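As structure tokens, the structure follows; a few thoughts come after it.
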Amino acid sequence: MKRRVRNILRRVRAALAGNARWRRLVLARWKRWLGGIEWEGEPSIEVPLRCDGAGKVFLGRSVALGFALAPRLADGEVTLQARYPDSRIGIGSGTHLSNNVTVIAVTSVTIGRDCLVGDQVVIFDSDFHHLDPVTRNAPNPPTLPVTVGDRVWIGSRAMLLKGVRVGDNSVIAAGAVVVADVPANSIVGGVPARVIGTVPGTNAPTVTPS
Ligand SMILES: CC(C)(COP(=O)(O)OP(=O)(O)OC[C@H]1O[C@@H](n2cnc3c(N)ncnc32)[C@H](O)[C@@H]1OP(=O)(O)O)[C@@H](O)C(=O)NCCC(=O)NCCS
Numbered sequence: 008m009k010r011r012v013r014n015i016l017r018r019v020r021a022a023l024a025g026n027a028r029w030r031r032l033v034l035a036r037w038k039r040w041l042g043g044i045e046w047e048g049e050p051s052i053e054v055p056l057r058c059d060g061a062g063k064v065f066l067g068r069s070v071a072l073g074f075a076l077a078p079r080l081a082d083g084e085v086t087l088q089a090r091y092p093d094s095r096i097g098i099g100s101g102t103h104l105s106n107n108v109t110v111i112a113v114t115s116v117t118i119g120r121d122c123l124v125g126d127q128v129v130i131f132d133s134d135f136h137h138l139d140p141v142t143r144n145a146p147n148p149p150t151l152p153v154t155v156g157d158r159v160w161i162g163s164r165a166m167l168l169k170g171v172r173v174g175d176n177s178v179i180a181a182g183a184v185v186v187a188d189v190p191a192n193s194i195v196g197g198v199p200a201r202v203i204g205t206v207p208g209t210n211a212p213t214v215t216p217s
């Protein structure tokens with residue numbers, strides 16, 4: 008039943024492609040009604056929201072999706088896809104996701120409070136495929152939950168891959184590919200991301216992310 012409704016939603020969405028504001032507000036409410044998304048306080052939604060997984064998405068209070076002054080406001084979407092029935096995405100209160108952010112959870116992706124997530128950031132908790140070419144499309148690819156602490160700033164086009172835990176207050180530089188834990192209060196950048204500094208006004212980086 009839910010799959011049928013989702014298919015109808017997809018068609019409605021395509022039909023309304025010319026009226027983005029109406030589309031984003033109304034479809035977000037329909038998705039809430041379908042049980043796929045819950046929020047503590049109605050989010051501010053500046054871009055189309057794709058939220059088509061079978062799992063659950065939870066938004067805290069005052070979450071903002073999309074930013075009018077950031078690039079690619081009009082030709083993309085925010086994707087929050089909790090892919091399977093047990094998959095979970097949680098976004099803490101006061102966190103802002105810019106345009107074209109993609110979060111896909113097979114198990115779980117949790118983002119803390121008061122975070123800033125730049126445009127075109129990608130967060131995956133799974134590789135989605137195996138390394139071995141013979142079994143590359145087999146089920147159960149490597150998958151590990153991703154956790155981002157509170158007050159983390161993730162620069163544009165960064166990627167966070169499976170299993171990473173980012174400590175509170177940290178900064179992920181633009182374009183970084185994060186494949187290992189990020190200590191709290193640290194600045195990381197590069198591919199793969201390495202610690203390149205300490206966030207001013209915080210204590211020295213602590214090795215174990217909170
Ligand atoms: C991380 C960041 C905040 C650091 O700014 P900063 O403190 O002024 O950094 P600096 O330019 O002084 O560089 C400090 C060091 O980090 C390195 N560095 C800076 N940005 C980097 C990046 N994106 N990737 C890799 N290394 C980087 C510099 O090469 C320099 O290294 P060095 O000391 O060996 O010379 C900034 O580079 C950044 O990525 N900002 C994100 C902006 C963004 O995406 N905004 C929109 C989304 S909200």
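Per this note's numbering, residue 8 is the first one in the sequence shown, and the count goes up by one each step.
In this text, a Cβ means the ideal position worked out from N, Cα and C, and glycines have one as well.
A quick note: this is a predicted structure, and the numbers were derived from the prediction, not measured.
Whole-angstrom distance between residue j and residue i, CA atom to CA atom
i             : j                : result
isoleucine 52 : alanine 71       : 6 Å
glycine 99    : valine 116       : 11 Å
valine 178    : phenylalanine 74 : 19 Å
7 Å CB neighbourhood of residue i in its chain, flanking five on each side removed
i            : result
proline 212  : Pro190, Ala191, Asn192, Ser193, Val202, Thr205
arginine 143 : His136, His137
Residue i (DSSP reduced to helix, strand or coil)
i           : result
valine 129  : strand
arginine 90 : coil
glycine 25  : Annotation note: pLDDT 49 at glycine 25 (below 50); position unreliable, coordinate value reported separately. Note: glycine 25 maps to coil in three-state DSSP.
valine 173  : strand
valine 124  : strand
arginine 11 : helix
serine 51   : strand
Cβ shell of residue i (< 6 Å), same chain only, five flanking positions each side left out
i          : result
proline 50 : Leu66, Val70, Leu72
valine 198 : Val184
Residue i classed as buried or exposed, judged by whether at least 16 other C-beta atoms fall within 10 angstroms
i             : result
serine 107    : At residue 107 the sequence reads asparagine, which differs from the serine that was named. Under this definition asparagine 107 is a buried residue.
aspartate 175 : buried
aspartate 132 : buried
Own chain, CB closer than 8 Å to residue i, minus 5 neighbours either side, in chain order
i             : result
aspartate 121 : Gly99, Ser100, Gly101, Thr102, Asp157, Arg158
threonine 150 : Val113, Thr114, Asp132, Ser133, Asp134, Lys169
Residues around ligand 2, please: the ones whose beta-carbon is closer than 7 Å to some heavy atom of it, in chain order. Of the ligands one can find in the structure shown, namely ligand 1, none is ligand 2.
Length at least 3, wholly inside the stretch 142-210: the beta strand (DSSP E) runs in chain order: 153-155, 193-196, 201-205
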